[in-house]
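In our numbering, the protein residues as written are 8 to 257. Working notes, beginning with the structure itself.
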Amino acid sequence: MAGYENRFTVEALVIKEMKIGESDRLVTLFSREQGIIKAFASGAKNIKSKKGSATSLLTYGSFTIKNKNGSLRIYEATPINVFFGAGSDIEILSLSQYFCELAGEFSVSGEQNTELLRLILNSLHFLTKEKHFPPLIKAITELRAAVLAGYAPDLVACDECGKFEDGIMYFTLENGALRCSECKTGGIAIDRTILSAMRHIVYSKFSKLYSFTIPQDKAKQLADITGHYITMQTDHRFHTLEFYESIKEQ
Ligand SMILES: [Zn+2]
């Protein structure tokens, strides 16, 4: 692949790993410097290999990569933050994998996408280390990732009459627009709590993004809406999302 130097170092999150043959793995890195990079990692089955553990899924680290005729191989790997431990439960693990799939879908090889990487790393932190309520972190990640990827909804006011607030407003997944109760022509009914949470996720500064709470039943409702929104807007089936939906606590 053009553009890579013979030897370079990136900081990256491992978002996918695939076994190739006996002891090789193809690792997908979401890097700060160059977006998505696919590189081989050897010695995965060798426990003594430092590289093996540092190139595991959900590890954020520093990776030195050698480029030999376009074939990239991880030469050195040093973990900085590991987001998956033995204590992680299946709901948290599957949601973490979904965040990795979102990152892979929304980022591009060779291009910096630092805001998306920052979002994914912070969401993994609050999900796995701070143990925030998983549906709320899911909703924050989906809606903010949608904004970064160019699928921002317009939540300012009713797009017909301009009314800013109503007891219940209606959100349409197809075009990401709001309608008041008088102008509605369908859409999902959302109350003031959900609407203000959605506005916060879309419009707040990043430093304030995670600093709000809503009741758990509202967070679940919100997470359903944002999941449907991202699926409809991207017209993409996220297999890790489907798995998460099949195993999450009801
Ligand atoms: Zn209206």
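C-beta: ideal position from N, C-alpha, C; glycine also.
Alpha carbon to alpha carbon, how far is residue j from residue i? Give it in angstroms, no decimals.
i    : j    : result
H139 : F133 : 6 Å
E118 : C187 : 40 Å
L143 : N13  : 43 Å
T85  : K215 : 30 Å
F90  : F106 : 12 Å
F47  : S116 : 16 Å
K136 : I22  : 18 Å
L100 : S63  : 13 Å
L248 : L102 : 7 Å
D166 : R244 : 29 Å
M176 : M205 : 12 Å
Y158 : Q240 : 7 Å
S130 : C190 : 36 Å
L124 : I43  : 11 Å
H207 : E252 : 24 Å
A110 : A152 : 8 Å
L150 : Q41  : 24 Å
I81  : S49  : 8 Å
D242 : E98  : 24 Å
What do you get for residue i, buried or exposed, if any count of 16 or more other CB atoms within 10 angstroms of its CB means buried?
i    : result
A61  : buried
Q228 : buried
S78  : exposed
D173 : buried
S218 : exposed
P141 : buried
P160 : buried
K26  : exposed
K145 : buried
Just to confirm my understanding: we take residue i, look at its own chain, exclude 5 residues before and 5 after, and list those with CB closer than 8 Å. What are they?
i    : result
T121 : R39
Among the residues of its own chain, which have a CB less than 6 Å from the CB of residue i, if the five just before and after it don't count?
i    : result
Y67  : L20, I87, N88
E83  : T71
L65  : F90, F91, S103
T260 : Here the chain has residues from 8 to 257 only, and residue 260 is not among them.
By Cβ distance below 7 Å, which residues in the same chain neighbour residue i in space, the five residues on each side in sequence not counted?
i   : result
I54 : Interpretation of I54 is limited by its pLDDT of 44, a score under 50 that renders its predicted location unreliable; the figure taken from the coordinates is listed afterwards. So no residue of the chain qualifies.
Tell me whether the region 36–46 and the region 72–79 touch, counting them as touching only if at least three CB pairs, one residue from each stretch, are closer than 8 Å. yes
Closer than 5 Å is what we want: which residues have a beta carbon that near any heavy atom of ligand 1? List them in chain order. C165, E167, C168, K170, C187, C190
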